[in-house]
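Colleague: Residue numbers (full-length UniProt numbering), protein chains in the order written: chain B, 1 to 247; chain G, 1 to 247. We put the beta carbon where it would ideally sit given N, CA and C, even for glycine. Quantities reported herein were computed from a predicted structural model and do not represent experimental measurements.
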């Protein structure tokens with residue numbers, strides 16, 4: 001198998017996974033040509049096994065192997081996990097724009113850990129429940145069976161539209177993104193990017209989450225998000241649009 | 001008042017505050033001459049008020065003004081808070097080695113947020129209770145009155161030496177520092193520093209916490225810490241020793 005095949009998650013609204021978007025944004029930013037192979041939720045594990053991909057990680061509760069996208073095939077060599085793919089892209093395509101400017105690799109790892117624990121996970125109650133509505137019926141059942149709140153609550157009960165739970169969850173989310181805004185405020189130079197005038201991988205981690213959020217919340221809710229923190233997330237979205245194309 | 005006066009916290013074991021150490025390490029690294037004015041715990045607020053320092057922040061529970069060290073006087077101009085002091089040092093002394101290499105300012109802010117929430121605070125139960133033993137009796141009472149666990153437990157009950165609570169707290173702490181080890185593992189180049197061959201401010205945030213920890217845990221416990229994660233913290237300490245002098 002020659003060329004680059006990018007295994008991404010299918011939805012009714014195109015590419016939507018916050019994790020595969022990191023890879024897609026990185027590929028597009030570096031100007032690397034690829035073809036997308038779309039997989040629906042229930043297809044991911046059997047298909048990835050069938051092509052010999054290794055599991056991404058273990059389920060922390062059951063210890064079972066977890067197979068996840070993104071996976072990228074480089075002329076048949078499979079690379080699994082968004083972070084490993086980004087590192088591979090830097091090594092294999094050193095001439096394009098860089099995802100990890102010198103001296104930022106470890107800091108970007110810390111950034112991703114900060115972002116997941118303190119920004120993305122606190123946003124979970126408002127974004128998780130929107131997933132079933134944008135995938136096919138079989139995938140929706142698959143997601144409902146898989147995703148449970150820490151207290152065991154099913155997805156549809158996390159923060160139903162119009163509920164007080166949802167209003168409270170949005171307050172928590174805005175506060176969490178405020179921590180990220182305080183980080184972006186410290187950026188060098190006039191641009192919106194974290195590191196100055198050009199995006200780095202950490203920006204794509206954030207953009208991936210924003211793209212996911214835009215697809216699973218209501219239009220009204222998304223409009224509010226883009227107005228938070230003096231419109232920072234709307235500006236970041238605009239800056240990232242040149243790298244959001246999907247094939 | 002001419003020259004640079006550095007207001008630091010006094011203890012029986014010299015400089016010990018994880019926050020003032022950030023400043024001391026930064027001053028030493030940049031080769032900036034200063035004199036230390038030592039303050040005991042109960043002296044901090046009245047003394048800082050008497051010289052016209054602004055409060056660092058509000059107590060999140062009571063809303064009361066909080067006065068904390070480090071504070072640095074630059075020819076009488078007071079700068080409060082370790083982060084603001086570091087930024088001031090970069091602007092005022094641009095010719096020395098840099099704490100914030102270009103493109104890393106925002107990432108270092110994210111690092112500090114990650115470090116405090118996911119590494120330092122989870123270490124609290126093993127380090128907080130060691131403070132009264134290394135300060136004078138009046139300061140010890142002051143600290144005991146001030147510091148309570150989130151559940152209201154007094155400092156001496158958090159994790160007493162030899163208790164199962166303490167053993168469990170050390171397990172939590174090691175796991176937390178493991179997250180930081182995963183960050184340091186991604187560092188560019190052969191050195192131990194986060195960003196490559198020279199320290200950055202984020203390294204001093206970590207070293208400040210390590211110096212504090214070394215002074216408030218037992219010698220046996222500290223030996224164990226320096227053996228964690230293939231001895232990473234022991235190596236970082238050694239690399240930082242040239243900047244640990246106190247006047």
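Once you ignore the five residues that flank residue 213 of chain G on each side, which residues in its own chain have a CB closer than 6 angstroms to its CB?
Modeller: The residues are 127.
Colleague: Measuring CB atoms only, is the region 111–118 of chain B touching the region 111–125 of chain G, in the sense that at least three cross pairs come out at less than 8 angstroms?
Modeller: Judged by Cβ distances under 8 angstroms, the region 111–118 of chain B makes contact with the region 111–125 of chain G, as three or more pairs qualify.
Colleague: Which residue wins for smallest C-alpha separation from residue 258 of chain G, given the options G/9, G/3, G/13 and G/207?
Modeller: Absent from the model: residue 258 of chain G. The displayed extent of chain G is 1 to 247, so no value can be given.
Colleague: In the DSSP assignment, find the unbroken beta strand (DSSP E) run with residue 4 of chain B in it and report its ends.
Modeller: Where residue 4 of chain B is concerned, the enclosing beta strand (DSSP E) stretches over 4–9.
Colleague: In whole angstroms, what is the alpha-carbon distance linking residue 29 of chain G and residue 87 of chain G?
Modeller: Looking at the two C-alpha atoms, the distance is approximately 14 angstroms.
Colleague: Below 7 angstroms on C-beta distance, what does residue 91 of chain G contact in chain B?
Modeller: Result: empty, since nearest Cβ-Cβ is about 13 angstroms, beyond 7 angstroms.
Colleague: Listed from N- to C-terminal order along the chain, which residues in the region 83–110 of chain B have their beta-carbon within a distance smaller than 7 angstroms of any beta-carbon of chain G?
Modeller: Those residues of the region 83–110 of chain B that come within reach of chain G (Cβ to Cβ, closer than 7 angstroms) are 101, 102, 103, 104, 105, 106, 107, 108, 109 and 110.
Colleague: Put residue 55 of chain B into one of helix, strand or coil per three-state DSSP.
Modeller: Three-state result, residue 55 of chain B: coil.
Colleague: Excluding the 5 residues flanking residue 242 of chain G on each side, which residues of the same chain have their C-beta closer than 6 angstroms to its C-beta?
Modeller: Around residue 242 of chain G: no qualifying Cβ.
Colleague: Give the interface partners of residue 188 of chain G over in chain B, defined as CB-CB distance under 9 angstroms, in chain order.
Modeller: Simply 100, 102, 103, 104, 105 and 106.
Colleague: With contact counted as at least three CB pairs below 8 angstroms, one residue from each stretch, are the region 145–152 of chain G and the region 189–204 of chain G in contact?
Modeller: Short answer: they don't touch.
Colleague: Per DSSP, which residues does residue 73 of chain G bridge with? Please list them.
Modeller: DSSP output for residue 73 of chain G lists G/5 and G/78 as bridge partner(s).
Colleague: Do the region 37–57 of chain B and the region 88–97 of chain B make contact, defined as three or more Cβ pairs closer than 8 angstroms?
Modeller: Too few Cβ pairs lie closer than 8 angstroms, so no.
Colleague: List the whole-angstrom C-beta distance separating residue 205 of chain G from residue 24 of chain G, where the pair is believed to meet the contact cut-off of C-beta under 8 angstroms.
Modeller: The Cβ separation is near 12 angstroms, so there is no contact.
Colleague: Which residues bound the alpha helix (DSSP H) around residue 228 of chain G?
Modeller: It spans 219–240 - the alpha helix (DSSP H) in which residue 228 of chain G sits, taken as one unbroken run.
Colleague: Where does residue 108 of chain B land, buried or exposed, given buried means 16+ other C-beta within 10 angstroms?
Modeller: Residue 108 of chain B comes out buried.
Colleague: If I measure Cβ to Cβ from residue 170 of chain B and keep anything under 7 angstroms in the same chain, skipping five residues before and after, which residues do I get?
Modeller: Cβ neighbours of residue 170 of chain B beyond the five flanking positions: 126.
Colleague: Determine whether the Cβ of residue 196 of chain G lies closer than 8 angstroms to any Cβ atom of chain B.
Modeller: Yes - at least one Cβ of chain B is within 8 angstroms of the one on residue 196 of chain G.
Colleague: Taking 6 angstroms as the limit between beta carbons, can you name the residues of its chain near residue 17 of chain G, skipping five residues before and five after?
Modeller: Once the five neighbours on either side are set aside, the close Cβ partners of residue 17 of chain G are 9.
Colleague: Is the distance from the Cβ of residue 155 of chain B to the Cβ of residue 143 of chain B below 8 angstroms?
Modeller: Against a cut-off of 8 angstroms, the Cβ pair of residue 143 of chain B and residue 155 of chain B comes out as a contact.
Colleague: Which class does residue 293 of chain B belong to by DSSP, given the choice of helix, strand or coil?
Modeller: Within the shown structure, residues of chain B are numbered from 1 to 247, placing residue 293 of chain B beyond reach of any answer.
Colleague: Return the first residue and the last residue of the alpha helix (DSSP H) that residue 177 of chain B is part of.
Modeller: Looking at the DSSP string, the run of the alpha helix (DSSP H) that includes residue 177 of chain B is 164–184.
Colleague: Check whether chain G comes within 8 angstroms of residue 176 of chain B, counting only Cβ atoms and requiring the distance to be less than that.
Modeller: Closer than 8 angstroms: no.
Colleague: At a threshold of 7 angstroms, does residue 234 of chain B count as lining the ligand MG (C-beta to nearest heavy atom)?
Modeller: Questions concerning the ligand MG fall outside what the structure shown contains, since it holds no ligand whatsoever.
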